[in-house]
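Take a look at the structure below.
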Amino acid sequence: MQLTVARIGRALGLRGEVVLDVRTDTPEERLAVGAVLQTVPASAGPLTVERARAQAGRWSVTFAQVHDREAAEALRGVELVVEEDESDEEDAWYPHELAGLRAEHVDGRVLGEVIGLEHLPAHDALLLRETSGARTLIPFVRAIVPVVDVAGGRVVLDPPGGLLASDAANLVVSEETGAAGSADRVEDEG
Numbered sequence: 022m023q024l025t026v027a028r029i030g031r032a033l034g035l036r037g038e039v040v041l042d043v044r045t046d047t048p049e050e051r052l053a054v055g056a057v058l059q060t061v062p063a064s065a066g067p068l069t070v071e072r073a074r075a076q077a078g079r080w081s082v083t084f085a086q087v088h089d090r091e092a093a094e095a096l097r098g099v100e101l102v103v104e105e106d107e108s109d110e111e112d113a114w115y116p117h118e119l120a121g122l123r124a125e126h127v128d129g130r131v132l133g134e135v136i137g138l139e140h141l142p143a144h145d146a147l148l149l150r151e152t153s154g155a156r157t158l159i160p161f162v163r164a165i166v167p168v169v170d171v172a173g174g175r176v177v178l179d180p181p182g183g184l185l186a187s188d189a190a191n192l193v194v195s196e197e198t199g200a201a202g203s204a205d206r207v208e209d210e211g
């Protein structure tokens, strides 16, 4: 199966270097000089890593096949992929394993279907299509997604009030961040 290592971003400089949105835990291995990466779309590659560097947590690479800024810009949005076997880690799943899983509430109600995985800066999030058709991002953390049962075709969710579109009326707002707290401060200042 193909796994996404990174998505190519903007060009950096004039000599074909590009910034990457890395999607692997081992970029130093996957992006090593000489590594040959397949691409999606396939017509953009394969690409051979000529130089790679990390600076302040951001990776940039130069490919042997890309020699100028124009060619680098043409690669924007291309995914770099590798063939990989299934994961044997207990709590690690690939996006294709999660897509299509039924989402259930801890009380047994069906909430919808997982349609994807979004890689966000703080943590990953499941993209859920609720039974109403609404799309909702669910933080993919153990407190909210306590059970991932790929073999059983389901995930179990324990969402806080208001996280789901179908539960917006039960939004939990703390006193510190709620509208009532800010209104009290405004009156005190006046």
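Using our numbering, the first residue of the sequence shown is number 22, and each one after it goes up by one.
Heads up, the beta-carbon is just placed ideally off N, CA and C, and yes, glycines get one too.
Note: Arg156 is bridge-paired with Arg150 in the DSSP secondary-structure output. In the DSSP secondary-structure assignment, Ala75 is bridged to Trp80.
Leu185 is positioned such that its CB atom lies closer than 8 Å to that of Thr157. An exposed status is given to Gly174, since fewer than 16 other beta-carbon atoms sit within 10 Å of its beta-carbon.
Here DSSP, grouped into helix, strand and coil, assigns Arg36 to coil. Pairwise C-beta distances place the segment 132 to 148 out of contact with the segment 77 to 89, as fewer than three of them are shorter than 8 Å. Counting only residues of its own chain and dropping the five nearest sequence neighbours on each side, Thr25 has a CB closer than 6 Å to the CB of Arg44, Glu100 and Val102.
Taking the CA atoms as reference points, Val169 sits about 10 Å from Glu125. The beta-carbon distance between Val57 and Pro67, rounded to whole angstroms, is 5 Å. This is short enough to meet the 8 Å contact definition. Between Ala75 and Gly37, the C-beta spacing is not below 8 Å. Asp170 is bridged by DSSP to Arg175. Residue range Pro48 to Arg51 is occupied by the alpha helix (DSSP H) that includes Arg51.
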